[in-house]
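S.K.:
Residue numbers (my numbering): 21 to 295.
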């Protein structure tokens, strides 16, 4: 009888361990996105490596819903997510950085291809399209810059192509992939480069402290292995850039790693001038 109860206790413990971490993500190419009915991406590959040999069950939903569930539910790993002071205050804990990209305003029109600062965008009353619930969109609004918010980056580039916006907020690792997905023959121009921002895996507020420690340790071991180099080699062909991995920036364009683009670990208000 004692053996029976011991077996049952072990089984229950295994069940708790198997369900203690809930994985939630959204469509954010090239980090996590659906193609040919499979959810793949740069960050997805990292998550699979960290949780191997288990095959993680990832829930995919629009970003606003994904963020709200993670904000209010313990033991949720949300990805891919930027780090902000507000999110840190809410209790999110971060693993990474997994990748670093440079934010920029993209345009199709030559007349907007050489803007100098955010003040110029506001003065010209340019229409900007960006991600709903994104920290960068929130910062623009706080500085009096109007922004049309959409559910994902793909919708954003479509708004630009249909002349419903002058500028589209995207990054060096995302913009060309989204344009390619539309099948449109168009040339994106960088209107204004902004700061660099890191992507992370984010553990939700109220999560088990031991779970966070384990994820941090697993990520540290993974980052020191040969696995990041294999992922970089795989994805640089998709992105059309020379992708490199470093423990400081995670995955990024090799040109970005060699530049002086400052990391924006805890984004604050953006200066109206980029000088």
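Every residue, glycine too, gets a C-beta built ideally from N, C-alpha and C.
Bear in mind that the values here come from a model prediction, so they are computed numbers and not experimental data.
Which first and last residues belong to the alpha helix (DSSP H) in which residue 110 is found?
M.R.: Within the chain shown, numbered from 1, the residue matching residue 110 stands at position 90. 105–110 is the span of the alpha helix (DSSP H), which, as asked, contains residue 110.
S.K.: Taking C-beta to C-beta, are residue 76 and residue 66 nearer than 8 Å?
M.R.: By one-based count along the chain shown, residue 76 stands at place 56. By one-based count along the chain shown, residue 66 stands at place 46. Taking 8 Å as the Cβ cut-off, residue 76 and residue 66 do not qualify as a contacting pair.
S.K.: Between 44, 58 and 124, which lies nearest to residue 88 when the distance is taken from Cα to Cα?
M.R.: Taking the chain shown and counting its residues from 1, one reaches residue 88 at position 68. The residue with the shortest Cα to Cα distance from residue 88 is 44.
S.K.: Please report the distance separating the alpha-carbon of residue 149 from that of residue 244.
M.R.: Taking the first residue of the chain shown as position 1, residue 149 is located at position 129. Taking the first residue of the chain shown as position 1, residue 244 is located at position 224. Their Cα atoms are separated by approximately 38 Å.
S.K.: To the nearest whole angstrom, what separates the beta carbons of residue 239 and residue 70, a pair I think is in contact under 8 Å?
M.R.: Your numbering for residue 239 matches position 219 in the chain shown. Your numbering for residue 70 matches position 50 in the chain shown. Sure, about 6 Å apart at Cβ, within 8 Å.
S.K.: Can you give me the C-alpha to C-alpha distance between residue 208 and residue 156, rounded to a whole angstrom?
M.R.: As a working note, residue 208 is residue 188 in the chain shown. As a working note, residue 156 is residue 136 in the chain shown. When rounded, the distance between both Cα atoms is 20 Å.
S.K.: On the DSSP letters alone, give me the boundaries of the alpha helix (DSSP H) that residue 124 sits inside.
M.R.: The residue you call residue 124 lines up with position 104 of the chain shown. Run containing residue 124: none in the alpha helix (DSSP H); it sits in the beta strand (DSSP E), 113–127.
S.K.: What does the Cβ neighbour count give for residue 52, buried or exposed, with the cut at 16 atoms within 10 Å?
M.R.: Counting from one through the chain shown, the residue named residue 52 turns up at place 32. So residue 52 ends up on the buried side.
S.K.: Going by the DSSP bridge assignment, what does residue 87 pair with across the sheet?
M.R.: Within the chain shown, residue 87 is the residue found at index 67, counting from 1. In the DSSP output, where bridge partners are listed per residue, residue 87 has none listed.
S.K.: Can you tell me the Cβ-Cβ gap for residue 95 and residue 40, rounded? I've got them flagged as a contact below 8 Å.
M.R.: Position 75 of the chain shown, counted from the start, is the residue given in the question as residue 95. Position 20 of the chain shown, counted from the start, is the residue given in the question as residue 40. Yes, residue 95 and residue 40 are in contact; Cβ-Cβ is about 6 Å, under 8 Å.
S.K.: Could you round the C-beta distance between residue 169 and residue 49 to whole angstroms and report it? I think they count as a contact, below 8 Å.
M.R.: Numbered from its first residue, the chain shown carries residue 169 at position 149. Numbered from its first residue, the chain shown carries residue 49 at position 29. Not a contact, Cβ separation roughly 18 Å.
S.K.: Restricting to runs no shorter than 3 residues, where is the beta strand (DSSP E) found entirely within the region 36–85?
M.R.: 42–45, 53–55, 58–60 and 78–80
S.K.: Where does residue 7 land, buried or exposed, given buried means 16+ other C-beta within 10 angstroms?
M.R.: Not covered by the structure: residue 7. The range shown for the chain is 21 to 295.
S.K.: Taking the straight line between their C-alpha atoms, what separation do you get for residue 151 and residue 222?
M.R.: On the chain shown, position 131 is the one that residue 151 refers to. On the chain shown, position 202 is the one that residue 222 refers to. Looking at the two C-alpha atoms, the distance is approximately 18 Å.
S.K.: Which word fits residue 114, buried or exposed, when buried means at least 16 other C-beta atoms lie within 10 angstroms of its C-beta?
M.R.: Stepping through the chain shown from its first residue, residue 114 is reached at position 94. With 16 or more Cβ atoms within 10 Å of its Cβ, residue 114 is classed as buried.
S.K.: Classify residue 221 as helix, strand or coil using the three-state DSSP reduction.
M.R.: By 1-based counting over the chain shown, the position of residue 221 is 201. Strand, per DSSP.
S.K.: Quick check on residue 166: does DSSP put it in helix, strand or coil?
M.R.: Within the chain shown, numbered from 1, the residue matching residue 166 stands at position 146. Three-state DSSP puts residue 166 in coil, outside helix and strand.
S.K.: Below 8 Å CB to CB, which residues in the same chain sit around residue 262 once its five sequence neighbours on both sides are set aside?
M.R.: Residue 262 sits at position 242 when you count from the first residue of the chain shown. Cβ within range, chain order: 256, 273, 274 and 275.
S.K.: Quick check: what's the CA-CA separation for residue 189 versus residue 125?
M.R.: Within the chain shown, the letter at position 169 stands for residue 189. Within the chain shown, the letter at position 105 stands for residue 125. Roughly 5 Å between the two C-alpha positions.
S.K.: For residue 300, which of helix, strand or coil comes out of DSSP?
M.R.: In this structure the chain extends from 21 to 295, so residue 300 is not present and cannot be described.
S.K.: Mapping the DSSP letters down to three states, classify residue 238 as helix, strand or coil.
M.R.: Taking the first residue of the chain shown as 1, we reach residue 238 at position 218. Here residue 238 sits in helix by DSSP.
S.K.: Take residue 102 as the anchor and find which of 153, 197 and 200 has the nearest alpha-carbon.
M.R.: As a working mapping, residue 102 is identified with position 82 in the chain shown. With distances taken between Cα atoms, residue 102 lies closest to 153.
S.K.: Which residue wins for smallest C-alpha separation from residue 119, given the options 264, 281 and 279?
M.R.: On the chain shown, position 99 is the one that residue 119 refers to. Comparing alpha-carbon positions, the option among 264, 281 and 279 lying closest to residue 119 turns out to be 264.
S.K.: Let me make sure I understand the geometry here. Which of 219, 224, 171 and 191 has the alpha-carbon closest to that of residue 309?
M.R.: As shown, the chain starts at 21 and ends at 295. That puts residue 309 outside it, with no answer to give.
S.K.: Pick out whichever of 117, 163 and 128 has its Cα sitting closest to the Cα of residue 138.
M.R.: As a first step, residue 138 must be located in the chain shown, where it is residue number 118. If we check each option's Cα against that of residue 138, 163 comes out closest.
S.K.: Would you give the residue range spanned by the beta strand (DSSP E) that residue 263 belongs to?
M.R.: The residue you call residue 263 lines up with position 243 of the chain shown. Residue range 263–266 is occupied by the beta strand (DSSP E) that includes residue 263.
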